[in-house]
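Heads up, the thing below is written out as structure tokens.
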Amino acid sequence: MHPLLAGGVLVVLAALSFGASFVPLRDWALPVALLVASAKAAIVVLVFMGLGRASASAQLAALAALLMLLLLVGLMLADPLTREPAPVLGVGEEATMRARALLDSGHGNRSTRRPGEPRPDRAVR
Amino acid sequence: MTAPSRHFESGVQQAHAARLGMWVFLSSELLLFAGLFALYAASRAATPAAFHAGVAHAQKWLGSANTLVLLLSSTLAALAVRALEHERRRLCLLALGATLLLAATFLVIKAAEYWLHFREGIFPGRPLDGRSAELGSTLFWTLYFVSTGLHALHVLVGILVLGMTAHGILRLRIGAERAYVLENATLYWHLVDLVWIFLWPLYYLT
Numbered sequence: 309m310h311p312l313l314a315g316g317v318l319v320v321l322a323a324l325s326f327g328a329s330f331v332p333l334r335d336w337a338l339p340v341a342l343l344v345a346s347a348k349a350a351i352v353v354l355v356f357m358g359l360g361r362a363s364a365s366a367q368l369a370a371l372a373a374l375l376m377l378l379l380l381v382g383l384m385l386a387d388p389l390t391r392e393p394a395p396v397l398g399v400g401e402e403a404t405m406r407a408r409a410l411l412d413s414g415h416g417n418r419s420t421r422r423p424g425e426p427r428p429d430r431a432v433r
Numbered sequence: 031m032t033a034p035s036r037h038f039e040s041g042v043q044q045a046h047a048a049r050l051g052m053w054v055f056l057s058s059e060l061l062l063f064a065g066l067f068a069l070y071a072a073s074r075a076a077t078p079a080a081f082h083a084g085v086a087h088a089q090k091w092l093g094s095a096n097t098l099v100l101l102l103s104s105t106l107a108a109l110a111v112r113a114l115e116h117e118r119r120r121l122c123l124l125a126l127g128a129t130l131l132l133a134a135t136f137l138v139i140k141a142a143e144y145w146l147h148f149r150e151g152i153f154p155g156r157p158l159d160g161r162s163a164e165l166g167s168t169l170f171w172t173l174y175f176v177s178t179g180l181h182a183l184h185v186l187v188g189i190l191v192l193g194m195t196a197h198g199i200l201r202l203r204i205g206a207e208r209a210y211v212l213e214n215a216t217l218y219w220h221l222v223d224l225v226w227i228f229l230w231p232l233y234y235l236t
């Protein structure tokens, strides 16, 4: 692809992303934005940086970095997304269950949130 | 024009080694930013409301202008490499000059953004809410300043690298047969653009 054409496509995709940011997509906003960003990234890497034309060893280096990035981000996401409310120390099971009930009443437990409701902040360890 | 360095069998091997070296370096730079993106992901998952508020308060128009600036600069950099490969040195230098100008523009817009934040009282580690700030707000703004600050530092280095290469081309030290030198410099620049492509939606749009 000629660089000018690639540049044009990139600007169009950026405009798309910019426009989408004014539409109330709510839960879909982040995935859509990241999808468009990934498309732009693919164009920059393949057309501008010419990774497709590069040696196999260079492609391997780039792939390794991408895999490590996905691993790092993926596992860092898995932690807060799979947290249970921590037990209340030293006060016994009854108090812990009351604390859990309080949290379950809408303070950050994913299973009680209805789709479309704003996500409340989670307990940060 | 210049013979390959003595530890290389040929100019072709030297070019290959130079490109591979650059890709390995770029991979390590990507992992540097990966740490910051990972922190963003975990922090946003933990405190999504604060992150939404932070993004809503970002300088969207300035940030988006910067996105346009970097995309255009990457296009021009790619054109510069093509021009050099075809022995069109004047066109190459013109394209590189425009790239450098856009790069400087990016830094000016970034400085304006930071100044607007500082004026409001948003500093790294001390967000808008002041002393009673939520953790999420502090996390967002600190990550914003560190991520965009580190990126701006990379832009500055990119300007130096591209500038030195342009000087080499001007002085006839780098020509079509050593085009990989310019190619490597632009590879670094494209990585800078790549990182911003993801910084932009995460800190300004969503």
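Sequences listed follow chains P and S, in order.
The first sequence begins at 309 in this note's numbering and counts up one residue at a time.
The second sequence begins at 31 in this note's numbering and counts up one residue at a time.
A virtual CB, placed ideally from N, CA and C, is assigned to each residue, including glycine.
Here the structure is a predicted model, which is why all the values come from computation and not from measurement.
Would you check whether the ligand ZN has a heavy atom nearer than 7 Å to the C-beta of E402 (chain P)? Among the components of this structure there are no ligands whatsoever, and the ligand ZN is therefore not found.
Is the Cβ of W53 (chain S) closer than 8 Å to any Cβ of chain P? Along the second sequence, one-based indexing puts residue 53 (chain S) at 23. Yes, its Cβ sits closer than 8 Å to a Cβ of chain P.
Taking the alpha-carbon of V99 (chain S) as reference, which of S:I139, S:Q89, S:E150, S:R112 has the nearest alpha-carbon? By one-based count along the second sequence, residue 99 (chain S) stands at place 69. That would be S:I139, whose Cα lies nearest to the Cα of V99 (chain S).
For F228 (chain S), name the three-state secondary structure that DSSP assigns. Here residue 228 (chain S) is taken as the residue at index 198 of the second sequence, counted from 1. Three-state DSSP puts F228 (chain S) in a helix.
From S:T178, S:V176, S:A128, residue whose alpha carbon lies closest to that of L192 (chain S): Here residue 192 (chain S) is taken as the residue at index 162 of the second sequence, counted from 1. If you compare the alpha carbons of S:T178, S:V176, S:A128 with that of L192 (chain S), the shortest gap goes to S:A128.
What are the residues that DSSP puts in a beta bridge with R156 (chain S)? Here residue 156 (chain S) is taken as the residue at index 126 of the second sequence, counted from 1. R156 (chain S) is bridged to S:F153.
Looking at chain P, is there any beta carbon in it that lies within less than 8 Å of the beta carbon of F228 (chain S)? Along the second sequence, one-based indexing puts residue 228 (chain S) at 198. Yes, F228 (chain S) counts as interfacial toward chain P.
Can you tell me whether L364 (chain P) is buried or exposed? The criterion is at least 16 other CB atoms within 10 Å of its CB, across all chains shown. Translated into positions along the first sequence, residue 364 (chain P) becomes position 56. The sequence as given places Ala at residue 364 (chain P); Leu does not occur at that position. When all chains shown are included, A364 (chain P) counts as exposed.
Keeping to the same chain, check which residues put their C-beta closer than 6 Å to that of A110 (chain S); ignore five residues upstream and five downstream. Position 80 of the second sequence, counting from 1, holds the residue named residue 110 (chain S). If we look at A110 (chain S) and ignore the five residues flanking it on each side, its Cβ neighbours are C122, A125, L126.
Mapping DSSP to helix, strand and coil, what is R391 (chain P)? Counting from one through the first sequence, the residue named residue 391 (chain P) turns up at place 83. In the three-state DSSP reduction, R391 (chain P) falls in the coil class, being neither helix nor strand.
Chain P within 8 Å of F67 (chain S), Cβ atoms only: Locating residue 67 (chain S) in the second sequence gives position 37, counting from the first residue. Chain P, which has a Cβ nearer than 8 Å to the Cβ of F67 (chain S), makes this yes.
Can you pull the chain P residues whose beta carbon is under 9 Å from the beta carbon of L123 (chain S), in chain order? Residue numbering aside, residue 123 (chain S) sits at position 93 when the second sequence is read from its first letter. In chain order: nothing, as chain P lies at least about 17 Å away.
Whose C-beta lies closer than 7 Å to the C-beta of E59 (chain S) among residues of the same chain, with five residues either side of it excluded? Walking along the second sequence from the start, residue 59 (chain S) turns up at place 29. These residues qualify, in order along the chain: L221.
Any C-beta of chain S under 8 Å from that of V320 (chain P): Residue 320 (chain P) sits at position 12 when you count from the first residue of the first sequence. Closer than 8 Å: no.
A350 (chain P) versus L410 (chain P) - alpha carbon distance: Along the first sequence, read from residue 1 onward, the residue named residue 350 (chain P) stands at position 42. Along the first sequence, read from residue 1 onward, the residue named residue 410 (chain P) stands at position 102. Distance between the alpha carbons of A350 (chain P) and L410 (chain P) is about 46 Å.
D387 (chain P) versus chain S: which residues are under 7 Å apart at the beta carbon? Your numbering for residue 387 (chain P) matches position 79 in the first sequence. Residues of chain S passing the Cβ test: A72.
According to DSSP, simplified to helix, strand and coil, what is G188 (chain S)? Translated into the one-based positions of the second sequence, residue 188 (chain S) becomes position 158. Helix.
Report the neighbours of A141 (chain S) on chain P: residues whose CB is nearer than 7 Å to its CB, in chain order. In the second sequence, the residue the question calls residue 141 (chain S) occupies position 111. Chain P residues near A141 (chain S): none, gap ~22 Å exceeds 7 Å.
Is it buried or exposed for T216 (chain S), if we count other Cβ within 10 angstroms and need 16 for buried? Mapped onto the second sequence, residue 216 (chain S) falls at position 186. Buried, since its Cβ has 16 or more Cβ neighbours within 10 Å.
Near-chain S residues of the segment 363–388 of chain P - C-beta to any C-beta below 7 Å: S363, S365, A366, A369, A370, A372, A373, M376, L377, L380, V381, M384, L385, D387, P388
Against M405 (chain P), what residues of chain S qualify as contacts under a CB-to-CB distance less than 7 Å, listed in chain order? For the purposes of this step, residue 405 (chain P) is taken as residue 97 along the first sequence, with counting starting at 1. Per Cβ cutoff of 7 Å: no residues; M405 (chain P) is ~24 Å from chain S at best.
Inter-residue Cα distance where the pair is F63 (chain S) and W226 (chain S): Against the second sequence, residue 63 (chain S) aligns to sequence position 33. Against the second sequence, residue 226 (chain S) aligns to sequence position 196. Cα to Cα, the separation comes out at about 10 Å.
Three-state secondary structure (DSSP) of P339 (chain P): As a working note, residue 339 (chain P) is residue 31 in the first sequence. Note: P339 (chain P) maps to helix in three-state DSSP.
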